[in-house]
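For the sequence shown, my numbering gives the first residue as 23, with consecutive numbering after it.
Cβ coordinates follow ideal geometry from the N, Cα and C atoms, glycine included.
In this text the structure is predicted, and so the values were computed from the model without any measurement.
Below is one structure, written out as structure tokens, with a few remarks after it.
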Amino acid sequence: MATGCMILMSGKSNCHSTLLALLVCLLPATCMAQDVGLAGIMGSKAMLMINGGEPQAVPVGQTVDGVKVLSIQGDQATIEVGGRKRPLRVGQHAIGTSNGDGSGKVTMTADGQGHFFTTGTVNGTSVRFVVDTGATFIALGPSDARRIGIDPNKGKKALASTANGNAVYMRVMLDTVRIGDITLHNVEAGILPTEMPAALLGMSFLNRMEMQRDGSTMTLKKRF
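Right under this line is the structure:
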């Protein structure tokens, strides 16, 4: 499980050093746009950048964030996104939509450091998450909060313990949080005073999931 880099987490802090580019777009809750780029080929794995995230090594036949790698040949990978096949050469991008498969579950693959990243939406705005079971609730940086349209001044001040001491954050409620085919309403979150490379997908979301981990794969399934 990934351990978050700012607050509301237990254990050691292990912040990922690579800054993530977050896709800025307003989308309906029922339809998430997918911007998929091919950064490179590693044997039978395609290095995919999904919604501006860092490259992920995705093997042929595997699906990550609604994008499936169908085949690899030379410097080209054929992917499936939004039910459509898209051939991509290294450096190219494709845009599709992911409406979920009706299963109410999401499968993620860990990166090289064991972190589980995924792209979702908060109140209809695209947000890059890292799974953090040590975070009490979803944690957002101030830039993400502004993009989503959340006014921190309307939240409630609260205090959290961090590796560097106590920190003040703003407690808010999110109308909707969507990850793949899973949508939750009225999810507690905290707006942190400093920026983070990704929002923390904490226990206010994960407590409502069945979580299964098999090696480098994690599956979330909605319980209620």
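Worksheet entry | Cα-Cα separation, residue 102 to residue 91 | 6 Å
Worksheet item: Between the stretch 93 to 100 and the stretch 130 to 145, do three or more beta carbon pairs fall short of 8 Å?
Response: no
Worksheet entry | Cβ contact check for the stretch 213 to 220 and the stretch 108 to 117: 3 or more pairs under 8 Å | no
Worksheet item: Is there contact between the stretch 169 to 184 and the stretch 225 to 232, where contact requires at least three CB pairs shorter than 8 Å?
Response: no
Fill in: Coil, strand or helix - residue 240 by DSSP
strand
Fill in: Pair within 7 Å by beta-carbon distance, residue 170 and residue 147
yes
Worksheet entry | Of the residues 139, 238, 203, 65, the one placed nearest residue 88, counting alpha carbons only | 203
Fill in: Terminal residues of the beta strand (DSSP E) in which residue 93 lies
89 to 95
Fill in: residue 138 beta carbon less than 7 Å from that of residue 153
yes
Discussion item. Suppose the cutoff is 8 Å on Cβ atoms and the five residues either side in sequence are ignored; what does the same chain contact list for residue 208 look like?
Written reply: 195, 196, 197
Discussion item. Looking only at its chain, what residues have a beta carbon closer than 7 Å to the beta carbon of residue 75, apart from the 5 residues adjacent to it on each side?
Written reply: 42, 139, 141, 150
Discussion item. I need the straight-line Cα distance from residue 99 to residue 199, nearest angstrom please.
Written reply: 31 Å
Worksheet item: How close, in whole Å, do the beta carbons of residue 86 and residue 131 come, if the pair is a contact with beta carbons under 8 Å?
Response: 6 Å
Worksheet entry | N-terminal and C-terminal residue of the alpha helix (DSSP H) that residue 214 is part of | It is not in any alpha helix (DSSP H) - residue 214 carries neither H nor E in the DSSP assignment.
Discussion item. For residue 128 and residue 242, I'd like the C-alpha separation in whole angstroms.
Written reply: 5 Å
Item to complete: Identify whether residue 231 lies in helix, strand or coil by the three-state DSSP scheme.
Response: strand
Worksheet item: Tell me the DSSP bridge mates of residue 109?
Response: 100
Worksheet entry | Reduced DSSP secondary structure (H/G/I, E/B, other) of residue 167 | helix
Worksheet item: Skipping 5 residues on each side, what residues in its chain have a beta carbon closer than 7 Å to that of residue 49?
Response: Any answer about residue 49 is weak, because its pLDDT of 28 lies below 50 and its placement is not dependable; what the coordinates show is given next. Excluding sequence neighbours, residue 49 sits near 55, 143, 146, 148.
Item to complete: Pick helix, strand or coil for residue 66, following the three-state DSSP scheme.
Response: coil
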